[in-house]
Amino acid sequence: MTNRNQGVIAIFIILAGLVILLGKLGVFAFIGHAFWPLLILLPGVLLQLFYFSRSASSYVLIPAGILTVYGILFFFCNIWGWSLMAYLWPVLLLGITVGLYEYYMVSASAVSRNIGFAAGVLGALSIILLFFSLLGASALYLIALLLIGGGIWMLLSRTNSKRGW
Numbered sequence: 129m130t131n132r133n134q135g136v137i138a139i140f141i142i143l144a145g146l147v148i149l150l151g152k153l154g155v156f157a158f159i160g161h162a163f164w165p166l167l168i169l170l171p172g173v174l175l176q177l178f179y180f181s182r183s184a185s186s187y188v189l190i191p192a193g194i195l196t197v198y199g200i201l202f203f204f205c206n207i208w209g210w211s212l213m214a215y216l217w218p219v220l221l222l223g224i225t226v227g228l229y230e231y232y233m234v235s236a237s238a239v240s241r242n243i244g245f246a247a248g249v250l251g252a253l254s255i256i257l258l259f260f261s262l263l264g265a266s267a268l269y270l271i272a273l274l275l276i277g278g279g280i281w282m283l284l285s286r287t288n289s290k291r292g293w
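As structure tokens, this is what we get:
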């Protein structure tokens, strides 16, 4: 064996020892635990880059938007705790909305109008559900106050007008 081959083998032995040592110290477990949402986020971003570099069709924007939003949501929950999913679950619907809306914006087909409508309805539903989820019981008080205020406004505008409603 030549000195060059022995040097290469020595470097591989040192690297193998470092990998084993870092694995026993838990470095890889921490990295895997902290950065696993990248396995969802990176494919979404890459699919968008493929489309915008003209390497893929516009259909890839649907899973790209979904994966990107899900990856961001999972990073957020991974950092601040998974108990937030009790409140942030409507963001899962928002991910589908983003994917459909991205496709709608770049597609010129007749079907894309229906997809745009579906994205709008799903997005509105997602935002409304997120609003109620974040406010919880407070949302009912807000709705009650809005209804009371609307009723008072209707009564006051009726008395000031001679024609009625």
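Numbered continuously in the numbering used here, the sequence shown closes out at residue 293.
Cβ atoms here follow ideal geometry from the backbone N, Cα and C, with glycine treated the same way.
Note that the coordinates shown come from a computational prediction; the quantities given were computed from them, not determined experimentally.
With distances taken between CB atoms, is the gap from Thr225 to Leu189 smaller than 7 Å?
-> no
Three-way DSSP call (helix, strand, coil) for Gly209 in this model = coil
Measure the C-alpha to C-alpha separation of Phe260 and Tyr215 and round it to an integer number of angstroms.
-> 9 Å
Starting from Tyr132, trace the alpha helix (DSSP H) both ways and give me its first and last residue.
-> The sequence given here has Arg at residue 132, not Tyr. Arg132 -> alpha helix (DSSP H) spans Asn131 to Leu153.
What does a CB cutoff of less than 6 Å around Val219 pick up in its chain, not counting 5 residues either side in sequence?
-> Leu201
So, are the CB atoms of Ser186 and Ser235 less than 7 Å apart?
-> yes
Pair within 7 Å by beta-carbon distance, Gly193 and Leu169 | No, the Cβ-Cβ distance between Gly193 and Leu169 is not below 7 Å.
Sub-7 Å separation of Leu221 and Ser254 beta-carbons = The answer is yes: Cβ separation under 7 Å.
For Leu153, is the beta carbon positioned less than 6 Å from some heavy atom of the ligand MN?
-> Summarising the ligand content, the structure contains no ligands, and the ligand MN is consequently not present.
Which value, in whole angstroms, describes the spacing of the CA atoms of Phe156 and Leu150?
-> Each residue's Cα considered, the two are about 7 Å apart.
Measuring alpha carbon to alpha carbon, tell me which of Ala162, Leu273, Asn133 and Leu268 ends up nearest Trp208.
-> Of the listed residues, the one whose Cα sits closest to Trp208 is Ala162.
Check Trp164 in the structure and name its three-state DSSP category.
-> In the three-state DSSP reduction, Trp164 falls in the coil class, being neither helix nor strand.
When the Cα of Trp217 is compared with those of Glu230, Tyr269, Leu258 and Gln134, which residue comes out closest?
-> Leu258
Are the beta-carbon atoms belonging to Cys205 and Leu195 less than 7 Å from one another?
-> no
What are the start and end residues of the alpha helix (DSSP H) that includes Val188?
-> Careful: Val188 lies outside any alpha helix (DSSP H) and carries neither H nor E.
Classification of Gln176 by the beta-carbon crowding that lies within 10 angstroms, buried from 16 upward | Classification for Gln176: buried.
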